[in-house]
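Heads up: the structure comes next, in structure tokens.
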Amino acid sequence: MVSTVGTHEKQIVESVLFSAGHPVSCKEIGIATGLSGQKVHGILRQLMKEYAEKKDTAMEIVKAGDKYVMQVKEAFAESSMMIAEPELSSDLLKTLSLIAFHQPVKQSNLRRLSGEKIYEHVDILSSLKLIQTKKHRQTEMITLTKHFPEYFGLDVTKPEDIRTYLMEKLAQNVVKSTHDDSKER
Amino acid sequence: MVSTVGTHEKQIVESVLFSAGHPVSCKEIGIATGLSGQKVHGILRQLMKEYAEKKDTAMEIVKAGDKYVMQVKEAFAESSMMIAEPELSSDLLKTLSLIAFHQPVKQSNLRRLSGEKIYEHVDILSSLKLIQTKKHRQTEMITLTKHFPEYFGLDVTKPEDIRTYLMEKLAQNVVKSTHDDSKER
Amino acid sequence: MDSILVDNEVIHHLLFHKSLIDDYNDASRITYYVDLLEKTHEGNHVNMQDPFDRSIAIAFELVMQQHLNPWDIDLVSFSTMYLKRAREERIDLITAGRIIHMAWMVLKLQSDDLVVTLQHEQQPDDQLEWSDLDTSMWLSSEDEYSYTNLLLNLPDPPIGEPLRRQSKRKVTLIELLDAFDEARKESLLFQQMEQARKEARERLIVASRKRMIGTAHEDNLEADIDLVWDKINSFPSDQMSLSDLCDIKDKEELIRTLVSLLFLAYEQKVKVFQRQFPYGKIFIKTLGCT
């Protein structure tokens, strides 16, 4: 049985998610609100469900890695992008998507796919702590960090789950661009 | 008569208010969304009304001067206040507090207090207009600007008063934390 | 007429591969393709219900319409054309990716088996193409191939930055006070460390001067350093060139001055530098500590 969550406590957790602007853990919410970790967990589940059901709001609450974040629904993100500049160029996002899918991956293999710009991309992505390079025997292997799912608001953290997610997103992307193409005509 | 506002347009304005994180004008929202100023104005009125009527949300949309802002209702502000990232990193804050206490202070003396990182910090703090450098005979002297007391809500402006204020507050702080420590035991 | 010709070519191509393949599944798949191809030729693909069938049909149709040589498909241009068609036909693009992969497998079969049989010689191409990739290390599965190919051919990446709230809050007074407390402790520690470093430096200077004892310059070294230091201090500006301090044509004086400067630099009293290395003018700048 799910225990009833008081409106007041729910609003407190909601206000923390709103104010943070970045993914926060159950523990952090617990510290800020004085609620127990278990209670916070229950409230978060309920809030996510409620936001998902609300048709008339532009925001959503999602699990991002092991944390939770309030963000603009993807459908509205583009129109408000003017107000908040994106940090990563589409080129950088492509490189990151390659790494995310093929991780752990050798830098030389990436270079073969996307050329010399890879070196610069790897530097920027490392400095943003989205990827890390680790020595594996004689080779530098590139992998994602745990910030990756947090940064992009993914509910998955395992490499194979991230792969599945990317495959699906790419497919949706293609369907979407097909749709856009035909609308333009 | 109020014209009916489409849900989609309302959600776009809502997403702009949410993501901005600070008060925005009708004009800015218009530029970001491509909607006319009049339309934005109507949507904002409706959004404010809807948020005010919703009992179960922790957020509100209010008019702040000529601008509009989405913020946490006062009743929930306290628990969520500290969860957002502070504007100044703790390292920068340390440098600023040293300047506040020792002003007017030579950059070289600051370096002797806490090392090479001072140069970068002075640049950032200057660009934030919290400090200024002034030539005094042969030496660059660093002082606080009038924005410093504004930023921290201090009602004192003279260097010696700021110093006394900091010392007193610090002493209280030490006493308080000692007190808290002994309570925890 | 042309299209029938190519059509037969494609069928021959598939049948040829069928005869090369031992694996039952692959062989039956090719039989299936041949059936499909015949339907395609009859223009039936529009009515096909299964998206996978439909997409294969489109692939074959494309090969025929574009008069591509099935023995020599340029996979890069094929993929590009195919994706365009797939978009127009609104087929599931994951499936499309798989089709491209299959085409690539066919191509791989060609290169693996036929290069030897047909003694088909290829000049190495400077431009890197898909078929040149070393797939033994990676891109070894269908999904990897499809994903990578789609990603590189499509304009948009599969991930985008979510839009979140720009929430920087002001620092509170308490935080400033805490920072001050910490800064005080840190700067005490920093000064203690600096003092320790300074003492270590002085010990080193004494030691290094001692090491000079017994050399030809033993008697004069201390006096030389003091002399050069005096000259530097009496100079009207805090920056000067080496020629301001000595007659650089007098080799002995030049060396005496240079050695003294190196000691002074070591003691962090001056900075010695060149704007152009290695033959540029040598400059000396006092570091403002006496």
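Chains as they are written, first to last, in the numbering used here: chain A, 609 to 793; chain B, 609 to 793; chain C, 332 to 621.
Quick reminder that beta carbons are idealized off the backbone N, C-alpha and C, glycines included.
Could you check whether residue j and residue i sit closer than 9 angstroms to each other, using their CB atoms as the reference points?
i	j	result
Val502/C	Asp555/C	no
Val680/A	Pro488/C	no
Leu752/A	Ala685/A	no
Ile669/A	Tyr659/A	yes
Tyr759/A	Leu778/A	no
Gly629/A	Leu762/A	no
Thr796/A	Ser722/A	In the structure as shown, chain A starts at 609 and stops at 793, and residue 796/A therefore has no counterpart that could be examined.
Asp578/C	Phe566/C	no
Lys499/C	Ala692/B	yes
Arg585/C	Leu595/C	The sequence as given places Leu at residue 585/C; Arg does not occur at that position. Not in contact: Leu585/C and Leu595/C (Cβ atoms no closer than 9 angstroms).
Quick check: what's the CA-CA separation for residue i versus residue j?
i	j	result
Glu624/A	Glu517/C	The question names Glu, but residue 624/A is Val in the sequence shown. If I take the Cα positions, the gap works out to 33 angstroms.
Gln646/A	Lys725/A	46 angstroms
Ile620/B	Ser633/B	15 angstroms
Val677/B	Lys714/A	47 angstroms
Gln454/C	Arg720/A	Unreliable placement is indicated for Gln454/C, whose pLDDT of 36 sits below 50; the coordinate value is still reported in the next sentence. If I take the Cα positions, the gap works out to 20 angstroms.
Glu525/C	Glu598/C	14 angstroms
Leu696/B	Thr747/A	39 angstroms
Asp512/C	Met775/B	10 angstroms
Glu617/A	Ser705/B	37 angstroms
Val610/B	Tyr476/C	For Val610/B, the predicted structure reports a pLDDT of 45, less than 50, and the residue's modelled location is therefore unreliable. A value from the coordinates is still provided. So the alpha carbons of these two residues sit roughly 55 angstroms apart.
Asp581/C	Lys743/B	42 angstroms
Lys561/B	Glu419/C	Lying before the first or after the last residue shown, residue 561/B is absent from chain B, which here runs from 609 to 793.
Asp474/C	Leu508/C	56 angstroms
Met571/C	Val764/B	47 angstroms
Lys635/A	Pro694/A	29 angstroms
Ile536/C	Glu583/C	24 angstroms
Tyr610/C	Lys541/C	32 angstroms
Ile490/C	Lys657/B	35 angstroms
Asp769/A	Leu482/C	18 angstroms
Glu530/C	Lys562/C	26 angstroms
Asn480/C	Pro486/C	12 angstroms
Ser539/C	Gln523/C	24 angstroms
Arg799/B	Arg653/A	The structure shown does not extend to residue 799/B, since chain B is modelled only from 609 through 793, so no value can be given for it.
Asp664/B	Phe521/C	52 angstroms
Take residue i and list the residues in its own chain whose beta-carbon comes closer than 7 angstroms to its own, dropping the five residues that flank it on each side.
i	result
Leu592/C	Val559, Val601, Val603 and Ile615
Pro767/A	Gln711
Ile732/B	Leu700
Gln564/A	Beyond the ends of chain A as shown, which are 609 and 793, falls residue 564/A; an answer cannot be given.
Ala666/A	Val680, Lys681 and Phe684
His755/B	Lys737 and Leu738
Ala527/C	none
Using 10 angstroms around the beta-carbon of residue i, count the other beta-carbons present and answer buried if the total reaches 16, otherwise exposed.
i	result
Ile505/C	exposed
Leu519/C	exposed
Glu622/B	buried
His729/B	buried
Asn781/A	buried
Arg534/C	exposed
Thr772/A	exposed
Arg496/C	buried
Gly642/B	exposed
Thr615/A	exposed
Ser688/B	buried
Asn587/C	Checking the sequence, you will find Arg at residue 587/C rather than Asn. That one is buried.
Asn564/C	exposed
Ala510/C	buried
Tyr727/B	exposed
Ala514/C	buried
For residue i, I'd like the list of residues in its chain whose CB is within less than 6 angstroms of its CB, leaving aside the five on either flank, ordered along the chain.
i	result
Gly638/B	Gly645 and Val648
Trp469/C	Confidence at Trp469/C is low in this model, with a pLDDT of 45, below 50, so the placement of that residue is unreliable and no value is reported for it.
Pro631/A	Ala672, Lys675, Val677 and Glu758
Between residue i and the rest of its own chain, which residues show a CB-CB distance below 8 angstroms, the 5 nearest in sequence each way excluded?
i	result
Phe794/A	This structure cannot settle anything about residue 794/A, because the visible part of chain A is limited to 609 through 793.
Arg606/C	Lys612 and Phe614
Ser698/B	none
Leu718/B	Thr703, Leu706, Ile707, His710, Ile726, Val730 and Ile750
Leu655/A	Lys618, Val621, Glu622, Leu625 and Ile669
Within the segment 558 to 582 of chain C, ranges of the alpha helix (DSSP H) (whole runs, at least 4 residues): 573 to 576
With a floor of 4 residues, list each alpha helix (DSSP H) that falls wholly inside the segment 613 to 644 of chain B, ordered by position along the chain. 615 to 628 and 634 to 641
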